[in-house]
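Q: Residue numbers (my numbering), protein chains in the order written: chain A, 961 to 1185; chain B, 961 to 1185; chain C, 961 to 1185; chain D, 961 to 1185.
Glycine residues also receive a C-beta, built at the ideal position from the N, C-alpha and C atoms.
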DNA sequence: AATGAATGAGCTTTCATTCAT
DNA sequence: TATGAATGAAAGCTCATTCAT
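Below, the structure is given as structure tokens:
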């Protein structure tokens, strides 16, 4: 199994979950969702008005409420599917086998994950922004996030770390929770800078990724090439 | 100059800027600000209503608008002073002298800064949360943040890094912008975990700080003790 | 063409422009307009509250703003159509032909116009009152009035005066602007007395009209019968 | 008695009543009144806010209410004195003697009155505007106006007309009420044109006055010189 | 006499949601 | 399924007025 195959699997997982949602949508409904994503991410959930969403979707106000009982249900319908797509690559069955077959070193693994998630994040930037913005204010969202994302990813990370620690490539001192937070926050930091603070400033994505990987690897006491 | 003195300076800077704002406030106005901070951080700026703010402040709704022309002005009056307090420790005159007199190693310096900012952040958690939540939606806030916080802190970090790089304690490969983002995002990651995601889970602050410092030091290629 | 026909044309013009406005109104919207006319003319635009308008219209307050973005738009929607109706009789194509066919003397013409406009004014008293009251405070209204009413009526009056001056029935010394103002202000003076100052005092409309016509005719140096 | 003396009397009457009002005013109160006159005439009574009045007067909000119990009392304090000044020249004792001594012809009299009132109106334009605008909406104002202005001026006009009718200079057919309305409305029409509709257009005051006098004289069947 | 902070009722306007068509 | 008129609660904000200083 090589990187090409990996990408295909990921692709496939994405399509799968995406289709589940969108397959049975009417054209109007799709427009509503798209318009909602735009406006939620532009002005925030609370400041977005259903009438503006309807207008930008080219749809009557009432139509939104035919598909979603409340404005909040519309939010959840947008943000919940993202979560499963977010964890998809970590849920492949027989993960460890995949791992050992595929990534000789922790660095290889890390690079694969980061590149993959950067791809993903770029595609779903708006919805991710909505999710992160709303988690602090919506307890049910927070709960769903911890259960559906936090827990499974957490346990995967644990397995992975043990795997590479036993291979002697990773310091045993660092706790998996800390490592997860460390990785997640540095990645999200990169995103905050590139997409939120300076969206107009051009950047060399490859270089930034390399740099980031070095920071994480060193930080976690893994030997770089 | 020792840590004790450092804390005193910081203290003094804080008081100074705080007093400027609050000195001439009436009792009611203070209540309004406090109530607004609470509610903005609980439900977000857009979802907070001036009537609820007034109610919790024990004040008539009109009173808010006697002191602040608009709801947004109230937001800014809360969030703008935070910025100057945020950068205060970096603006001390003769910073380099202070530095060399005080911190032998980069690690010492890093520890001092992180502990200091953790102190600060704990004290001002709510307002920081408001600021971060609103920056993506308020262009003027974002601009003010970049100018008043980003720029000065950025140039300080540059000086500091050169200083310790020349002392041979810091890898020369890392760019200051990247370093700043790296440090900021790991620190904020810690905060997001401890205060937003699991505010009820007890934690050993000292241990977390030590851990964080090691991650940063290693990540940036500084030799740990 | 006789007076009967003239009245029919006028009638038709009225209906025409009225229908344009009201045809596509919902029942509720019509109630809103009616109620707004009443209340604006009773207390003045600024002192009228949308909530009172809604209440008297038997409609929810929000309904007003579904049809008119602002209170001012509601005012304009009431007052603007009046202007076109006000000038309608002066805009008939081939006016001069009508004139010569119809009115042998200036007095006849004057009598026709005055009676006609008194009819009109009685029907639209409230809206006229609103218009006159608000013109001094709303620059856009004033502009619209001058362009849509002042200019066309002015140039018609000019034509008419030349016509009767050449017939030797009208002094050539008087300027058309002055004549227009003279006629308009005496007519409006009559209205102010009868409808504003003493609305409860009964009056002989025919006698008052005759009297008024004599005053104007003599004032303008036209020979009375 | 000549025109010079007449002017002096008028002057004196004016001062007298003016002083009554303003003599005991503090500087602040005067500023309040001036500011109120400006703002009432600019935006209308209902749309003027006491806070704006206070601000333009350079006075605290509360100060207004120290002098005037309510906003309406402020309005009345401005508009009521105008009424007495408006009728002052008609109330001179022994009016008929003055008349016969002074004005040989009705035209002379008319010219004197009109010139005098134009003088007056120019000086008090703003307050007159306020009065006229508010009369339709304030029953007590209307009542005061009819009693203090309408009645005395009406009876004076009656005397005057009889006087000149007996001198054979004035048609006996016209009713004094009608004559009063006719004169008032043509004068006010001139004012509306010159001060409200086209305040920026320059005009020859003397010519306009002459023209107006001719219109009135002819209209009323008085022989012009 | 003058201030200006405080009030609470009321303002215009927006909003999420309902429902007859 | 889709519409859009209608709703009424609630939003942000203004206002005339009061009162302790």
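(1) Looking at C-beta atoms only, is the number of pairs between the segment 1036-1053 of chain A and the segment 1010-1017 of chain A that lie closer than 8 Å three or more?
(2) Looking only at its own chain, which residues have a Cβ that is under 7 Å from the Cβ of residue 1169 (chain A), when we skip the five neighbours before and after it?
(3) Here's the rule: buried if 16 or more other CB atoms are within 10 angstroms of the residue's CB, otherwise exposed. What is residue 1172 (chain B)?
(4) Reducing DSSP to helix, strand and coil, say where residue 1097 (chain B) ends up.
(5) Just how far apart, CA to CA, sit residue 961 (chain C) and residue 1051 (chain D)?
(6) Check each residue of the segment 1098-1128 of chain A: if its Cβ is closer than 9 Å to any Cβ of chain B, include it; give the result in chain order.
(7) Is there a Cβ of chain B sitting closer than 8 Å to that of residue 1229 (chain A), yes or no?
(8) Compile a chain-ordered list of the residues in the segment 1025-1057 of chain A whose CB is closer than 9 Å to at least one CB of chain B.
(9) Excluding the 5 residues flanking residue 1167 (chain A) on each side, which residues of the same chain have their C-beta closer than 7 Å to its C-beta?
(10) Entirely within the segment 1068-1151 of chain A and at least 3 residues each: give me those beta strand (DSSP E) ranges in chain order.
(11) So, is the C-beta of residue 1176 (chain A) closer than 8 Å to a C-beta in chain B?
(12) Span of the alpha helix (DSSP H) holding residue 1153 (chain A)?
(13) Using only alpha-carbon positions, find the residue among C:1084, C:1072, C:1049, C:1080 that is nearest to residue 994 (chain C).
(14) If the cut-off is 7 Å on Cβ atoms, which residues from the segment 1129-1147 of chain C count as contacting chain D, listed in chain order?
(15) Below 8 Å on the Cβ atoms is my guess for residue 1024 (chain D) versus residue 992 (chain D); work out the distance and round it to an integer in Å.
(16) Following the continuous alpha helix (DSSP H) through residue 995 (chain A), name the residue where it begins and the one where it ends.
(17) Which chain D residues are close to residue 1156 (chain C), counting only those with a beta carbon under 7 Å from its beta carbon?
(18) Closer than 8 Å, CB to CB, is residue 1018 (chain D) near chain C or not?
(19) Suppose you measure from the CA of residue 1179 (chain C) to the CA of residue 1080 (chain C); what does that come to, to the nearest Å?
(20) Quick check: is the beta carbon of residue 1003 (chain C) nearer than 8 Å to any beta carbon in chain D?
(21) Quick one: what's got a C-beta closer than 7 Å to residue 1010 (chain D)'s C-beta in the same chain, skipping five residues either side?
(22) How would you write the range of the alpha helix (DSSP H) that residue 1044 (chain D) sits in, first residue to last?
(23) List the residues of chain A that residue 1171 (chain B) touches, going by C-beta distances under 7 Å, in chain order.
(24) For residue 1142 (chain C), does the count of other Cβ atoms within 10 angstroms reach 16, so buried, or fall short, so exposed?
(25) Taking only beta-carbon atoms, is residue 1007 (chain D) less than 8 Å away from chain C?
(26) Hey, does residue 1149 (chain B) have any beta-carbon neighbour from chain A nearer than 8 Å?
(27) What does a CB cutoff of less than 7 Å around residue 1139 (chain B) pick up in its chain, not counting 5 residues either side in sequence?
(28) Using a Cβ-Cβ cut-off of 6 Å (strictly less than) and excluding sequence neighbours within five positions of residue 1164 (chain B), which residues of its own chain qualify?
(29) Have a look at A:1137, A:1131, A:1154 and flag the residue whose alpha-carbon is nearest the alpha-carbon of residue 1149 (chain B).
(30) Does the beta carbon of residue 1075 (chain A) come closer than 8 Å to any beta carbon on chain B?
(31) How many whole angstroms separate the CB atoms of residue 1005 (chain A) and residue 1090 (chain A), which I take to be in contact at a CB cut-off of 8 Å?
(32) Which whole-angstrom value describes the C-beta separation of residue 1097 (chain C) and residue 1152 (chain D), a residue pair presumed to lie in contact below a C-beta threshold of 8 Å?
A: Result, derived from the coordinates:
(1) Output reads no: the segment 1010-1017 of chain A does not touch the segment 1036-1053 of chain A.
(2) Within the same chain, 1074, 1075, 1078 come within 7 Å of residue 1169 (chain A) by CB-CB distance, once the 5 residues on both sides are set aside.
(3) A residue is called buried once 16 or more other Cβ atoms fall within 10 Å of its Cβ, and residue 1172 (chain B) is buried on that count.
(4) The answer is coil: DSSP assigns residue 1097 (chain B) none of H, G, I, E or B.
(5) Model confidence at residue 961 (chain C) stands at a pLDDT of 48, short of 50, so the residue's coordinates are unreliable and nothing is read from them.
(6) So the list reads 1102, 1105, 1106, 1110, given in the order they occur along the chain.
(7) Here chain A covers residues 961 to 1185 and nothing more, so residue 1229 (chain A) does not appear.
(8) Against chain B - using a Cβ distance shorter than 9 Å - the segment 1025-1057 of chain A contributes no residues.
(9) For residue 1167 (chain A), where only same-chain residues beyond five positions count, there are no Cβ hits under 7 Å.
(10) Taking 3 residues as the minimum length, the segment 1068-1151 of chain A contains no beta strand (DSSP E) run wholly inside it.
(11) At a cut-off of 8 Å between C-beta atoms, residue 1176 (chain A) counts as an interface residue with respect to chain B.
(12) For residue 1153 (chain A), there is no enclosing alpha helix (DSSP H), as DSSP gives it neither H nor E.
(13) Considering only alpha carbons, the answer is C:1084.
(14) Listed by position, the residues of the segment 1129-1147 of chain C near chain D (Cβ gap below 7 Å) are 1138, 1141, 1142, 1144, 1145, 1146.
(15) Between residue 992 (chain D) and residue 1024 (chain D) the Cβ distance is about 6 Å, and since that is below 8 Å, they are a contact.
(16) Counting along the chain, the alpha helix (DSSP H) containing residue 995 (chain A) begins and ends at 987-1003.
(17) What residue 1156 (chain C) touches in chain D: 1096.
(18) Proximity of residue 1018 (chain D) to chain C, defined by a Cβ-Cβ separation below 8 Å, is not satisfied.
(19) Approximately 24 Å between the Cα atoms of the pair.
(20) At a cut-off of 8 Å between beta carbons, residue 1003 (chain C) contacts chain D.
(21) Taken in chain order, the residues that qualify are 1021, 1024, 1031.
(22) Residue 1044 (chain D) -> alpha helix (DSSP H) spans 1031-1051.
(23) Within 7 Å Cβ-Cβ: 1138.
(24) By the neighbour-count rule (16 or more Cβ atoms within 10 Å), residue 1142 (chain C) is buried.
(25) For residue 1007 (chain D), the nearest beta carbon of chain C is closer than 8 Å to its own beta carbon.
(26) Taking 8 Å as the threshold, the shortest C-beta distance from residue 1149 (chain B) to chain A falls below it.
(27) Answer for residue 1139 (chain B): 1117, 1121, 1180, listed in chain order.
(28) Close CB contacts of residue 1164 (chain B) within its chain, under the 6 Å cut and outside five residues either way in sequence, are absent.
(29) That would be A:1137, whose Cα lies nearest to the Cα of residue 1149 (chain B).
(30) Answer no: the Cβ-Cβ gap between residue 1075 (chain A) and chain B never drops below 8 Å.
(31) Yes, residue 1005 (chain A) and residue 1090 (chain A) are in contact; Cβ-Cβ is about 7 Å, under 8 Å.
(32) About 14 Å separates the two Cβ atoms, so there is no contact after all.
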